[in-house]
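Numbering (mature numbering (1 follows the signal peptide of the UniProt record, and there is no 0)), first residue to last: -21 to -1, 1 to 287. Glycine included, every Cβ here is placed at the ideal spot set by N, Cα and C.
If you want it as structure tokens, here you go:
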């Protein structure tokens, strides 16, 4: 019996060695990589079974779009979408114009390390979730697929939280907020820039030079945006320095929508829809200003310090 047991052990050992040798000769195939995250994955805020896009390099630009009744060009749309189409599609995964959606926002969802207005797992019923990105360029965007300012202004009750959130996430002393126009934006996903303020003592004080010199009697304390002095492409409202109610603007989108709905302003040189942008900044006298802009270069050219 002992001899039989010994033979059996030898056979089992040889069989195990044979299996091991075969396994070493034919390694098991690598697991299949996950698919790229789709618009649906990101909108549903579940990217656990897909891969966010890496850094976007392909411009994918479509040129030749017209803005403001065909008067001016929108030089490039950095997507593969049809001529002049707005917003991102699943065909734009590798395009710079949709990198904010498929890469930056997707990464926020994957690691859950970006400041946000609500948990991804428990979104509010009637409000969008807004996120402050961790990228070098700090942007406030949303998990709703939303191209820009015009679509945002069409639904103030859902998207006003974005402006409130942005106002709670920047330093008024050194920074400003700016939402680009259709013509000036480079991403086809809505984003409020948190940017450095212009230096009032520099050669380019930008909007600070205008706001710092508006007499107090001309400040507009209502919730409606009104024209600033003789600037027919700049409409603002004010919160006076030291106002006991705080320095946060409410109903920003309602005011933007009111300006956009004013047909008398929707002409080239005033507040043409494709030129319409918005920004919030504190002047040198500690007054807060929320504005709708209509300049051709967009609000970053007014509210943000020039890039080096």
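**Study point:** Runs of alpha helix (DSSP H) wholly within the segment 12 to 83 (minimum 4 residues, chain order)
**Key:** For the alpha helix (DSSP H) assignment, the uninterrupted runs of no fewer than 4 residues enclosed by the segment 12 to 83 are, from N- to C-terminal side, 18 to 22.
Exercise for review: Figure out for me which residue from 104, 275, 112 has the closest Cα to the Cα of residue 86.
Suggested key: Against the chain shown, residue 86 aligns to sequence position 107. Nearest to residue 86 by C-alpha distance, out of 104, 275, 112, is 112.
Check your understanding: Can you list, in chain order, the residues of its chain whose CB lies under 6 Å from that of residue 277, leaving out five sequence neighbours each side?
Key -> If you number the chain shown from 1, residue 277 lands on position 298. Excluding positions up to five away in sequence, the list reads 159, 160, 163, 256.
Exercise for review: Could you check what DSSP says for residue 224 in three-state terms: helix, strand or coil?
Suggested key: Within the chain shown, the letter at position 245 stands for residue 224. Residue 224: coil per DSSP, three-state reduction.
Exercise for review: Measure the alpha-carbon distance for residue 20 versus residue 128 and round it to whole angstroms.
Suggested key: Within the chain shown, the letter at position 41 stands for residue 20. Within the chain shown, the letter at position 149 stands for residue 128. Between residue 20 and residue 128, the C-alpha separation is close to 24 Å.
Practice item. Whole angstroms is fine: what's the gap from residue 40's alpha carbon to residue 59's? Key: Within the chain shown, numbered from 1, the residue matching residue 40 stands at position 61. Within the chain shown, numbered from 1, the residue matching residue 59 stands at position 80. Cα to Cα, the separation comes out at about 7 Å.
Check your understanding: Residues bridged to residue 270 by DSSP?
Key -> Counting from 1 along the chain shown, the entry for residue 270 is found at position 291. 215, 258.
Review point. Hey, is the segment 172 to 180 in contact with the segment 117 to 126, meaning 3+ C-beta pairs nearer than 8 Å?
Key: Between the segment 172 to 180 and the segment 117 to 126, the count of C-beta pairs closer than 8 Å reaches three or more; the two stretches touch.
Review point. Just the Cα atoms here: how many angstroms apart are residue 286 and residue 181?
Key: Numbered from 1 along the chain shown, position 307 holds the residue referred to as residue 286. Numbered from 1 along the chain shown, position 202 holds the residue referred to as residue 181. Each residue's alpha carbon lies about 13 Å from the other.
**Study point:** Proximity of residue 289 and residue 166 at Cβ, strictly below 9 Å
**Key:** This structure leaves residue 289 out entirely; the chain is present only between -21 and 287.
Point to revise | Same chain only: Cβ atoms within 7 Å of residue 61, ignoring 5 sequence neighbours per side | key: Sequence index remark: in the chain shown, residue 61 carries index 82 (1-based). Excluding residues within five positions, none has a Cβ falling inside 7 Å.
Review point. To which residues of the same chain is residue 83 closer than 7 Å at the C-beta, ignoring the five residues directly before and after it?
Key: One-based indexing of the chain shown puts residue 83 at position 104. Non-local C-beta neighbours of residue 83 in its own chain, meaning closer than 7 Å and more than five positions away in sequence, comprise 112, 114, ordered along the chain.
Point to revise | residue 97 and residue 235 closer than 9 Å at C-beta | key: The residue labelled residue 97 in the question sits at position 118 within the chain shown. The residue labelled residue 235 in the question sits at position 256 within the chain shown. Contact flag unset, no.
Practice item. Specify, as a first and last residue, the run of the alpha helix (DSSP H) that residue 146 falls within. Key: On the chain shown, position 167 is the one that residue 146 refers to. Its alpha helix (DSSP H) spans residues 135 to 146.
Exercise for review: From the DSSP output, in three-state form, read off residue 287 for me.
Suggested key: For this step, residue 287 is matched to residue 308 along the chain shown. Looking at residue 287 - three-state DSSP - the assignment turns out to be coil, as it is neither helix nor strand.
Check your understanding: Taking DSSP as the reference, what is the three-state secondary structure of residue 174?
Key -> The residue labelled residue 174 in the question sits at position 195 within the chain shown. In the structure shown, residue 174 falls within a strand segment according to DSSP collapsed to helix, strand and coil.
Review point. Secondary structure at residue -7, three-state DSSP: helix, strand or coil?
Key: Here the question's residue -7 lines up with position 15 in the chain shown. With a pLDDT of 43 at residue -7, under the threshold of 50, the predicted position of this residue should be treated as unreliable, though the coordinate-derived value follows. If DSSP states are grouped into helix, strand and coil, residue -7 belongs with the helices.
Review point. Using a Cβ-Cβ cut-off of 7 Å (strictly less than) and excluding sequence neighbours within five positions of residue 13, which residues of its own chain qualify?
Key: Within the chain shown, residue 13 is the residue found at index 34, counting from 1. These residues qualify, in order along the chain: 28, 29, 30.
Practice item. Within 10 angstroms of the Cβ of residue 140, are there 16 or more other Cβ atoms? Answer buried if so, exposed if not. Key: On the chain shown, position 161 is the one that residue 140 refers to. Here residue 140 is buried, its C-beta having at least 16 other C-beta atoms within 10 Å.
Practice item. Report the residue from 169, 92, 138, 264 whose alpha carbon sits nearest the alpha carbon of residue 106. Key: Numbered from 1 along the chain shown, position 127 holds the residue referred to as residue 106. Comparing Cα-Cα distances from residue 106 to each of 169, 92, 138, 264, the minimum goes to 138.
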